[in-house]
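As they're listed, the protein sequences go chains A and B. So in the working numbering, spot 138 of the first sequence is number 1164, and the numbers just go up one at a time. So in the working numbering, spot 98 of the second sequence is number 1124, and the numbers just go up one at a time. Built from N, CA and C at the ideal position, the CB exists for glycine as well. Fair warning: this is a prediction, and the values are worked out from it, not measured in the lab. Below: the structure, in structure tokens.
Number of protein chains: 2
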Amino acid sequence: MQQMDGRKARGDESRRTVLARAIDIASVDGLEGLTIGRLASDVSASKSGVAALFGSKEQLQLATIEAASAVFAEAVIEPARAYPRGLRRVCALVRLWLGYSADRVFEGGCFFLAASVECDSKPGPVRDGLIRALATWDGYLGVSIGYAMEQGELPELTDAEQLAFEINALFNESNTRSLLHGSRVPYEQARTAIAARLLSLGARPAILAEAGLG
Amino acid sequence: MQQMDGRKARGDESRRTVLARAIDIASVDGLEGLTIGRLASDVSASKSGVAALFGSKEQLQLATIEAASAVFAEAVIEPARAYPRGLRRVCALVRLWLGYSADRVFEGGCFFLAASVECDSKPGPVRDGLIRALATWDGYLGVSIGYAMEQGELPELTDAEQLAFEINALFNESNTRSLLHGSRVPYEQARTAIAARLLSLGARPAILAEAGLG
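Set out below in structure tokens:
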């Protein structure tokens, strides 16, 4: 049993190493850029060893999406849980998302935007995996906005999904523009736009200021 | 001379045929998906014939960006010129952009967003070509917003570039979401958000309604 556990632990460790590299490759070169040969060479492993860990390229792509989701949750969602439900948590999510992109948690910026734009015209299991990952984020952001509405913190807002769409739009534009122009200004533009939008919905300026968005 | 002109005309015609296909391939599979071999096979030409028209893959990618810019100008910028400078032209640009994406003028949605996200982490001549193409669009949208400001049609607006950033963000999000989910709802969300933003800047509701945005 101990030997089996040891082998399993080494397998899990190898999987993590390969997936960490896979996420960075995919954030720069797309999920199509992920090949078992390239990964094996990057992590100094044999092709057959990497193939044994994942099976097909498609399974590798799906495992990479899941691993990226876990990294994203650790960078954005988990730290936001430290803030009380409602507008304070929404503001924390905004600040953390902008930081996640600006700090290049993934080498090529937001993994999910890169993968979405790559796969959006290509139906199949990989696009479905990505849609599931995005739905988890959309759900979390939407529910968080919903709590702020329930608590009367966004008195002019009637549609949480609409606001989530607008915030995601500003996030993604800041990510793409920042990468293209090698500039941090787009994050400032996104922050300015989101703060103005929240204020127009009746958010208290003190809460935004406290979160570093005001 | 006549013979030379005939040869040149045939060369231009072949170039146009190949580039029309190249734009659609790139909008789905990215600029990296453009290979001389694939294009030759798609348009039933010889590889050497296509190679003679473009030279290198990089030159083909740059020519494709220019050709896509011309198609975009014809679909969005030229028809907007029919509207008077100022808020009416800004509203026309919004309606035309959303239509350009929704009607899939390019097979895989907005060519420029797909290419931006693909190239944003990859410095080089292709990214530079794309940055130039985007700067032309940003400039046109920014100047158009500037005319609306000068004419007092957006009395609360102080920064044309900021508004252009926000409008582009909503355009691009609607494009990606619509493709991913096979839905037109994201265009409605973008239209709603842009109309609300223009109204919050003091735009006259009648002008928005007249443009089909209200």
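**Asked** Considering only C-alpha positions, which residue in the set B/G1063, B/G1135, B/A1035 and B/G1172 is nearest to B/L1086?
**Response** The sequence position of residue 1086 of chain B within the second sequence is 60, counting from 1. Looking at the Cα atoms, B/G1063 is the closest of the given residues.
**Per-residue DSSP class, three states only, for A/A1221** = Counting from 1 along the first sequence, the entry for residue 1221 of chain A is found at position 195. Residue state, collapsed to three classes: helix.
**Message:** Going by DSSP in three states, A/V1069 sits in which element: helix, strand or coil?
**Reply:** The count along the first sequence starts at 1 and reaches residue 1069 of chain A at position 43. A/V1069: coil per DSSP, three-state reduction.
**Asked** Going by alpha carbons, who is nearest to B/F1098 out of B/L1057, B/G1208, B/S1074 and B/T1162?
**Response** The residue given as residue 1098 of chain B occupies position 72 in the second sequence. It is B/T1162.
**Three-state class that DSSP yields for B/R1130 in the structure shown** = Taking the second sequence and counting its residues from 1, the one referred to as residue 1130 of chain B is at position 104. In the structure shown, B/R1130 sits in coil (DSSP, three-state: anything other than H, G, I, E or B).
**Message:** For a cutoff of 9 Å on Cβ pairs, would you count A/P1212 as touching chain B?
**Reply:** By one-based count along the first sequence, residue 1212 of chain A stands at place 186. Chain B, which has a Cβ nearer than 9 Å to the Cβ of A/P1212, makes this yes.
**Prompt:** For A/G1037, which residues of its own chain have a beta-carbon under 8 Å away from its beta-carbon, when the five flanking residues on both sides are left out?
**Reply:** Your numbering for residue 1037 of chain A matches position 11 in the first sequence. Once the five neighbours on either side are set aside, the close Cβ partners of A/G1037 are L1079.
**Message:** Rounded to the nearest angstrom, what separates B/E1084 and B/R1042 at their Cα positions?
**Reply:** The residue labelled residue 1084 of chain B in the question sits at position 58 within the second sequence. The residue labelled residue 1042 of chain B in the question sits at position 16 within the second sequence. B/E1084 and B/R1042: Cα-Cα distance of roughly 17 Å.
**Prompt:** For B/G1228, which residues from the same chain have a beta carbon less than 7 Å from its beta carbon, with the 5 sequence-adjacent residues on both sides left out?
**Reply:** Sequence index remark: in the second sequence, residue 1228 of chain B carries index 202 (1-based). These residues qualify, in order along the chain: L1180, P1181 and E1182.
**Prompt:** Is it the case that the Cβ atoms of B/I1171 and B/A1159 are separated by a distance below 9 Å?
**Reply:** Against the second sequence, residue 1171 of chain B aligns to sequence position 145. Against the second sequence, residue 1159 of chain B aligns to sequence position 133. No. Outside cutoff.
**Prompt:** What does A/V1143 reach in chain B if we use C-beta pairs closer than 7 Å?
**Reply:** As a position in the first sequence, residue 1143 of chain A is number 117, starting the count at 1. In chain order: L1139, A1140, V1143 and T1202.
**Request:** Inspect the beta-carbon positions of B/E1133 and B/S1070 and report whether they are closer than 9 Å.
**Result:** Within the second sequence, residue 1133 of chain B is the residue found at index 107, counting from 1. Within the second sequence, residue 1070 of chain B is the residue found at index 44, counting from 1. Their beta carbons are not under 9 Å apart, which means B/E1133 does not touch B/S1070 by this criterion.
**Asked** Per the contact definition of three or more C-beta pairs closer than 8 Å, is the region 1187-1195 of chain A in contact with the region 1207-1227 of chain A?
**Response** yes
**Request:** Determine the direct distance from the alpha carbon of A/G1178 to that of B/C1145, and round the result to whole angstroms.
**Result:** Sequence index remark: in the second sequence, residue 1145 of chain B carries index 119 (1-based). Sequence index remark: in the first sequence, residue 1178 of chain A carries index 152 (1-based). Roughly 43 Å between the two C-alpha positions.
**Asked** A/L1088 and A/G1155: beta carbons closer than 9 Å?
**Response** Here residue 1088 of chain A refers to the residue found at position 62 of the first sequence. Here residue 1155 of chain A refers to the residue found at position 129 of the first sequence. In this structure, A/G1155 lies closer than 9 Å to A/L1088 by Cβ.
**Asked** Between the C-alpha atoms of B/R1033 and B/E1104, what's the straight-line distance to the nearest angstrom?
**Response** What you label residue 1033 of chain B is simply residue 7 of the second sequence in a count that begins at 1. What you label residue 1104 of chain B is simply residue 78 of the second sequence in a count that begins at 1. Taking the straight line joining both Cα atoms gives about 31 Å.
**Asked** Beta carbon of A/G1135, beta carbon of A/A1101: below 9 Å?
**Response** By 1-based counting over the first sequence, the position of residue 1135 of chain A is 109. By 1-based counting over the first sequence, the position of residue 1101 of chain A is 75. No, the Cβ-Cβ distance between A/G1135 and A/A1101 is not below 9 Å.
**Message:** My parser needs the alpha helix (DSSP H) runs of 4 or more residues fully inside the region 1149-1220 of chain B; what are they?
**Reply:** 1151-1176 and 1186-1207
**Endpoints, alpha helix (DSSP H) assigned at A/I1233** = Residue numbering aside, residue 1233 of chain A sits at position 207 when the first sequence is read from its first letter. Taken as a continuous stretch (DSSP letters only), the alpha helix (DSSP H) holding A/I1233 covers P1231 to E1236.
**A/E1199 and B/A1195 closer than 9 Å at C-beta** = Within the first sequence, numbered from 1, the residue matching residue 1199 of chain A stands at position 173. Within the second sequence, numbered from 1, the residue matching residue 1195 of chain B stands at position 169. Yes, they are a contact pair.
**Request:** Could you tell me whether any Cβ in chain A is nearer than 9 Å to the Cβ of B/V1054?
**Result:** As a position in the second sequence, residue 1054 of chain B is number 28, starting the count at 1. With 9 Å as the cut-off, B/V1054 counts as an interface residue toward chain A.
**Contacting residues, own chain, Cβ-Cβ under 8 Å from A/L1234 (five flanking each side not counted)** = What you label residue 1234 of chain A is simply residue 208 of the first sequence in a count that begins at 1. The residues are C1117, A1221, L1224, L1225 and G1240.
**Message:** Judging by CA-CA distance, which residue of A/G1059, A/I1091, A/L1205 and A/A1035 is the nearest neighbour of A/V1152?
**Reply:** The residue you call residue 1152 of chain A lines up with position 126 of the first sequence. Among A/G1059, A/I1091, A/L1205 and A/A1035, the Cα nearest to that of A/V1152 is on A/I1091.
**Asked** From A/R1210 to A/S1040, what does the alpha carbon distance come to, in whole angstroms?
**Response** Residue 1210 of chain A sits at position 184 when you count from the first residue of the first sequence. Residue 1040 of chain A sits at position 14 when you count from the first residue of the first sequence. Whole-angstrom Cα-Cα distance: 35 Å.
**Message:** With a threshold of 8 Å on Cβ separation, who are the neighbours of A/W1123 within its own chain once the five nearest residues in sequence on each side are excluded?
**Reply:** On the first sequence, residue 1123 of chain A is found 97 positions in, with the first residue counted as 1. V1102 and F1197, listed in sequence order.
**Prompt:** Alpha carbon to alpha carbon, how far is A/R1114 from A/V1169?
**Reply:** Your numbering for residue 1114 of chain A matches position 88 in the first sequence. Your numbering for residue 1169 of chain A matches position 143 in the first sequence. When rounded, the distance between both Cα atoms is 13 Å.
**Prompt:** Where A/Y1109 and A/A1093 are concerned, what is the direct C-alpha to C-alpha distance, given to the nearest angstrom?
**Reply:** Here the question's residue 1109 of chain A lines up with position 83 in the first sequence. Here the question's residue 1093 of chain A lines up with position 67 in the first sequence. Straight-line Cα distance between these residues: approximately 25 Å.
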